[in-house]
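Colleague: Here the protein sequences line up with chains B and V, keeping their order.
The first sequence begins at 137 in the numbering used here and counts up one residue at a time.
The second sequence begins at 149 in the numbering used here and counts up one residue at a time.
By construction, the Cβ of each residue, glycine as well, lies at the ideal position given by its N, Cα and C atoms.
Here the structure is a predicted model, which means the values were calculated and not measured.
My questions all concern the structure below.
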Amino acid sequence: MAGASKAVADSRANLPFVYRQYSAEQLKQVLYKMYLIRRFEEGAEESYTRGLIHGTMHLSIGQEASAMGICMPLGEDDQITSTHRGHGHCIAKGAEVKRMFAEFFGKTTGYCKGRGGSMHIADVAKGNLGANGIVGGGIPIAVGAALSSKMMKTGKVVVSFFGDGANNEGAFHEALNMAAVWKLPVIFVCENNGYGMSTSTARSTAVKNIADRAAAYSMPGVIVNGNIFSEVAEASYKAVERARAGEGPTLIESKTYRHRGHSKSDRNRYRTKEEIEDWMSNRDPITLFENELREFGFIDDKGIEAIRDAVAQEIADGIEFAKASPSPDVSETGNYVYTEQA
Amino acid sequence: MDAMVRELSYAQAIQEAMAIAMDMDERVFLMGEDIGVYGGAFQVTGDLVDRYGADRVLDTPISELGGAGVAVGAAVTGMRPIFEFQFSDFATLAMEQIVNQAAKMRFMLGGEVSVPVVMRFPAGSGTGAAAQHSQSLEAWLGHVPGLKVIQPATPYDAKGMLLAAVADPDPVMIFEHKLLYKMKGPVPEGYYTVPIGKADIRREGRDLTIVATSIMVQKALDAAATLEAEGIDVEVVDLRTIRPMDKQTVIDSVKKTSRLMCVYEAVKTLGIGAEVSAMIAESEAFDYLDAPIVRLGGAETPIPYNPELEKATVPQVPDIIIAARDLVKGVR
Chain B
137 MAGASKAVAD SRANLPFVYR QYSAEQLKQV LYKMYLIRRF EEGAEESYTR
187 GLIHGTMHLS IGQEASAMGI CMPLGEDDQI TSTHRGHGHC IAKGAEVKRM
237 FAEFFGKTTG YCKGRGGSMH IADVAKGNLG ANGIVGGGIP IAVGAALSSK
287 MMKTGKVVVS FFGDGANNEG AFHEALNMAA VWKLPVIFVC ENNGYGMSTS
337 TARSTAVKNI ADRAAAYSMP GVIVNGNIFS EVAEASYKAV ERARAGEGPT
387 LIESKTYRHR GHSKSDRNRY RTKEEIEDWM SNRDPITLFE NELREFGFID
437 DKGIEAIRDA VAQEIADGIE FAKASPSPDV SETGNYVYTE QA
Chain V
149 MDAMVRELSY AQAIQEAMAI AMDMDERVFL MGEDIGVYGG AFQVTGDLVD
199 RYGADRVLDT PISELGGAGV AVGAAVTGMR PIFEFQFSDF ATLAMEQIVN
249 QAAKMRFMLG GEVSVPVVMR FPAGSGTGAA AQHSQSLEAW LGHVPGLKVI
299 QPATPYDAKG MLLAAVADPD PVMIFEHKLL YKMKGPVPEG YYTVPIGKAD
349 IRREGRDLTI VATSIMVQKA LDAAATLEAE GIDVEVVDLR TIRPMDKQTV
399 IDSVKKTSRL MCVYEAVKTL GIGAEVSAMI AESEAFDYLD APIVRLGGAE
449 TPIPYNPELE KATVPQVPDI IIAARDLVKG VR
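Right, here's the structure in full:
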């Protein structure tokens, strides 16, 4: 990824990591994508309310900086495994929102041809091996992908996203141990949004910080403010460097918050309105990043307005694309169970 | 087929198949618990680690769930893992990855990936290992669309079906009865495959079709030899694959013999015998039946430790003889 030139970098020497590392264009693109994630989630929610999407979904509003920051240093060949709250990861890794909407609408033009929906959204061509309906299900799979990378010497780095709930699953512990024993190029990213469904980490998890668990597997455990893009991106950058150098895995705990409930059935009985309001008003990741960009002179109000307008257009176009796309034929119900062989 | 044919044990046949697969394709590797210098709990991998190195004969921690997941992840991203469970009972620890991930990933992703993983499960009773190391859980996995489930019954099939499994783009679960590991039989040198999804008629007969799986194939053949002396001519169908099942071979056999008995070691209820019986009841072979269908399966109990009790828990040759005699003579 082409970053800031030497002269520009010198002039930004006292700024946080991303402003030294990346060009203005790249940073504006990040803001664009953070808005794209936010508006995608809102568009999906609205479509659900209107009955255009069935089932359920888990929105990542409030966690945009975490998805974008982690994916910032990844190349197109690098891979991720994602979670039930995976729309943001999918967009951050390069997916097109129109094909994501199409998937949520159950259409053949969707990434999974309408077979997966929100909970299995994937974009294999861009390295997203899929969201997962099973808490912790993707973690060992990411380790397997990293084993492939090491055995085939492809140089790929694999990121496994999961939530705070997953850190109490056996799969988490087995996977971290194997990755450390075999020094695999994988980064474990725990997006700790404070609650596994309704149960707070304080009530579910014996350690204060999930990153503390890294010590049990002899890997670095890094805590970042998941709502500050630069902090997340810097931690990810270092973990990617370490992985590519063959030094093994890192556990990053990205402390963040989901503005919406766990899923569409959530009545928010386990947290206060004041708590939610505080995170939305004072710690919104998009607002924080936007303010920094403005303060450091990377963008002005006009530029921000242009980004918002362009995002709104892309979302509107995406929903129209999904609406206009064909549904799969009922006769194709059995497709993709097995690989079609000539 | 000019390949030299030797007598090999079932375990040797599997080991030879894995070596051939690794020679042919550098993406193939083995993983599992104590499969390296130890040689595997049943010495199936044997000395392969000396020939292929510890990277391709990869000892895992005691982590069945994580290990199975790693195998799935490696398979999705270009490798061809063969994952050995130490005992098939330990599939229970890895069900999440087998059932939710391996079996469904291609489907959930709309055909964008394949999951060419092979998992090997030493199964069955008869070793005195008691209730947690002796089960036959193949029907559990046979219930899951997206998986293929096979039970080779001879050294020849063990080699040929394993090589077919490695070549298969989808997840293949192989259940190997532990008492078969020492069974010897003719095995050609070199590469050959035995197709997944094809049953085999091990013995032709006119009076009764016995559909058997795994170790019960040999027991059915032994019973058939005794019954022949009594003038009862038994046809033995080795199902070989339980998903996808070769229905036609069974239907054709029942149409010929007009009697059906299913013999399998797993617990009788809700098992492969129920599936085969129902399949026949739904088919044109139903009209050909001259007698009720009989199932001989494992007792409705965990496998006991005491050797006499253990034996009594699963069908033995005399049980098959008696049941077949009664069926043909209309006692039932």
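1. Of all the CB atoms in chain V, is at least one closer than 9 Å to the CB of methionine 137 of chain B?
2. When the distance is taken between beta carbons, is lysine 400 of chain B closer than 9 Å to tyrosine 171 of chain B?
3. Using only alpha-carbon positions, find the residue among V:Val465, V:Arg154, V:Val314 that is nearest to glutamate 174 of chain V.
4. Should methionine 101 of chain V be flagged as near chain B, meaning a C-beta pair shorter than 9 Å?
5. Could you say if the stretch 423-437 of chain V and the stretch 391-401 of chain V meet the contact criterion of at least three C-beta pairs nearer than 8 Å?
6. I need the straight-line Cα distance from serine 141 of chain B to asparagine 304 of chain B, nearest angstrom please.
7. Whole angstroms is fine: what's the gap from phenylalanine 425 of chain B's alpha carbon to asparagine 361 of chain B's?
8. State the DSSP-derived secondary structure class of isoleucine 468 of chain V, mapped to helix, strand or coil.
9. What separation, rounded to the nearest whole angstrom, lies between the Cα atoms of glutamine 245 of chain V and leucine 289 of chain V?
10. Could you tell me the distance, in whole angstroms, from the CA atom of glutamate 410 of chain B to the CA atom of aspartate 420 of chain B?
11. Pair every Cβ in the stretch 412-419 of chain V with every Cβ in the stretch 272-291 of chain V, then say whether three or more of these pairs are closer than 8 Å.
12. Using DSSP bridges, identify the partner residues of histidine 325 of chain V.
13. Say whether the stretch 283-290 of chain B touches the stretch 225-240 of chain B, bearing in mind that this needs 3 or more beta-carbon pairs closer than 8 Å, one atom from each stretch.
14. Can you name the residues of chain B whose CB is closer than 7 Å to the CB of phenylalanine 255 of chain V?
15. Starting from the N-terminal side, write out each stretch of the beta strand (DSSP E) that is 3 residues or longer and does not extend beyond the stretch 304-339 of chain B.
16. Taking only heavy atoms of the ligand ZN into account, decide whether any of them is closer than 8 Å to the Cβ of threonine 302 of chain V.
17. Could you tell me the alpha carbon to alpha carbon distance between isoleucine 173 of chain B and glycine 224 of chain B, rounded to whole angstroms?
18. Evaluate the contact criterion for the stretch 342-349 of chain V versus the stretch 435-451 of chain V: three or more CB pairs, one atom per stretch, below 8 Å.
19. So is glycine 250 of chain B buried or exposed if we call it buried at 16+ other beta carbons inside 10 Å?
20. Are the C-beta atoms of proline 229 of chain V and some chain B residue less than 9 Å apart?
21. Fully enclosed by the stretch 208-252 of chain V, which alpha helix (DSSP H) runs are 4 residues long or longer?
22. Report the neighbours of proline 293 of chain V on chain B: residues whose CB is nearer than 7 Å to its CB, in chain order.
23. When we look at the beta-carbon of asparagine 404 of chain B and count the other beta-carbons within 10 Å, is it buried (16 or more) or exposed?
24. Does glutamate 389 of chain B come out as helix, strand or coil in the three-state DSSP assignment?
25. Hey, is histidine 309 of chain B's beta-carbon within less than 9 Å of any beta-carbon in chain V?
26. With DSSP as the reference, label glutamine 199 of chain B as helix, strand or coil.
27. In chain order, what residues of the stretch 300-324 of chain V put their CB closer than 7 Å to some CB of chain B?
28. Straight-line CA distance for alanine 201 of chain B to phenylalanine 298 of chain B?
29. Could you confirm whether any beta carbon from chain V is found closer than 9 Å to the beta carbon of valine 260 of chain B?
30. Determine the direct distance from the alpha carbon of glutamate 212 of chain V to that of proline 466 of chain V, and round the result to whole angstroms.
31. Give the straight-line distance between the Cα atoms of isoleucine 206 of chain B and tyrosine 168 of chain B, rounded to the nearest whole angstrom.
32. Use the C-beta contact count for valine 153 of chain V: other C-beta atoms within 10 angstroms, 16 or more gives buried, fewer gives exposed.
33. Which parts of the stretch 226-278 of chain B are runs of the alpha helix (DSSP H), unbroken and 4 residues or longer, counting only runs that do not cross its ends?
34. Using a Cβ-Cβ cut-off of 7 Å (strictly less than) and excluding sequence neighbours within five positions of aspartate 386 of chain V, which residues of its own chain qualify?
35. Do you know how far the Cα of alanine 258 of chain B is from the Cα of isoleucine 168 of chain V?
36. Report, in whole angstroms, the separation of the C-beta atoms of glycine 214 of chain V and alanine 307 of chain B, which I expect to be a contact under 8 Å.
Modeller: According to the structure data:
1. Interpretation of methionine 137 of chain B is limited by its pLDDT of 45, a score under 50 that renders its predicted location unreliable; no figure is taken from the coordinates.
2. no
3. V:Val314
4. Nothing can be reported for residue 101 of chain V: it is not among the residues displayed for chain V, which extend from 149 to 480.
5. yes
6. 44 Å
7. 12 Å
8. DSSP places isoleucine 468 of chain V in the helix class (H, G or I) of the three-state scheme.
9. 12 Å
10. 14 Å
11. yes
12. V:Ala271
13. no
14. For phenylalanine 255 of chain V, the neighbours in chain B by C-beta distance under 7 Å run, in chain order, Arg251, Tyr472, Val473.
15. 322-328
16. The model depicted lacks the ligand ZN and carries no ligand whatsoever.
17. Cα-Cα distance, rounded: 5 Å.
18. no
19. buried
20. yes
21. 212-224, 239-243
22. Val473
23. exposed
24. strand
25. yes
26. coil
27. Listed by position along the chain: Pro317, Asp318.
28. Whole-angstrom Cα-Cα distance: 15 Å.
29. Answer yes: the Cβ-Cβ gap between valine 260 of chain B and chain V drops below 9 Å somewhere.
30. 38 Å
31. 16 Å
32. exposed
33. 233-240
34. Ala301, Ala347, Asp348, Arg350, Ala360, Val365
35. 35 Å
36. 6 Å
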